[in-house]
Structures are given as structure tokens and as C-alpha cells.
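Participant:
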Amino acid sequence: MITRYALFEGKVKDGQAEAFRADVLKTILPKWKAFPGALSVRVSFAESRDEGAPEYPMILAVNYPDIETVEAALASPIRAQARAATEEVLSKYFEGRIHHHVTQAEEYDLA
1 MITRYALFEG
11 KVKDGQAEAF
21 RADVLKTILP
31 KWKAFPGALS
41 VRVSFAESRD
51 EGAPEYPMIL
61 AVNYPDIETV
71 EAALASPIRA
81 QARAATEEVL
91 SKYFEGRIHH
101 HVTQAEEYDL
111 A
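Each residue of the sequence shown is one higher than the last, beginning at 1 in our numbering.
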């Protein structure tokens, strides 16, 4: 399985955490879920971090069956729609940057 992560490095404006989370789920999540070929979408909101660690108020993980499906999803029209929705929400609440990482995930269930 291939996982494409979006790491939102920075901070949510003071007093806006709950509004940020609600707007992400209402406005952006439907776009992320619409990426063709996506198997699952996980939105993780930060609760705490180690002292001195960089701040990531949100991490997005989208799973795909293979790299070709990732490439097709990123070439699809939904990407522009998702980007526009993301910029709309982030402009209200977030100060920082987003970077993406594509990984090959190996998962081991614990019995």
C-alpha cells in the first residue's frame, strides 16, 4: 500500500482550533475523500507533542493501492478542487506550510 501524507507544519491561530477542525471536516474532507482510487483517508489533529518538537496541528494520510493510482489521483480535476478548499480553510485559521511525503506502508496487525 502507498500512503501520501500531507504534514501541516505551523500553528492554528489562537482560539481557533475547534473552528479549524470543524471547517476541515466540513469543507476539505469531502474533497480528499473524492480522490479517485483512494482506499482510505485519515485526518489526524494534534493533541500533544514532545517538548521542542515541531508543531503539526494536522496530518493527512491518504492510502492508495499503488503509485500509479497516486499519480492518477494527483492528475485528476479533484486535486484543484481540493487545493482550493484547503487554501480557503487555511487562510482563515492556519499559519505555516504544507509538505507532502509518499511512503510505502507496511502494516502488521497485533493479535
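Cβ atoms here follow ideal geometry from the backbone N, Cα and C, with glycine treated the same way.
Let me check understanding here. Comparing Cα to Cα, which of S91, A111, K92, N63 lies closest to A34?
Facilitator: The residue with the shortest Cα to Cα distance from A34 is N63.
Participant: Within 10 angstroms of its Cβ, does P77 collect 16 or more other Cβ (buried), or is it exposed?
Facilitator: It is exposed - the Cβ of P77 has fewer than 16 other Cβ atoms within 10 Å.
Participant: Bridge partners for F8 per DSSP, in chain order?
Facilitator: Its beta-bridge partners are M58, I98.
Participant: Measuring only the C-alpha atoms, how far is A105 from A38?
Facilitator: A105 and A38: Cα-Cα distance of roughly 14 Å.
Participant: Can you grab the Cα-Cα spacing for the pair T86 / L60, in whole Å?
Facilitator: Distance between the alpha carbons of T86 and L60: 12 Å.
Participant: For R49, does the three-state DSSP call read helix, strand or coil?
Facilitator: The answer is coil: DSSP assigns R49 none of H, G, I, E or B.
Participant: Can you give the Cα-Cα distance for A53 and P36, rounded to whole angstroms?
Facilitator: Taking the straight line from one Cα to the other gives about 34 Å.
Participant: In chain order, what residues of the same chain have a beta carbon less than 7 Å from the beta carbon of E95, not counting five sequence neighbours either side?
Facilitator: Result list for E95: G10, K11, K13, in chain order.
Participant: Starting from the Cα of V89, find the closest Cα among I2, M1, I28 and give me that residue.
Facilitator: Nearest of I2, M1, I28 to V89, Cα basis: I28.
Participant: Whose C-alpha, out of T3, M1, S44, is nearest the C-alpha of A22?
Facilitator: Of the listed residues, the one whose Cα sits closest to A22 is S44.
Participant: Indicate the three-state DSSP secondary structure (helix, strand or coil) for Q81 in the structure shown.
Facilitator: Here Q81 sits in helix by DSSP.
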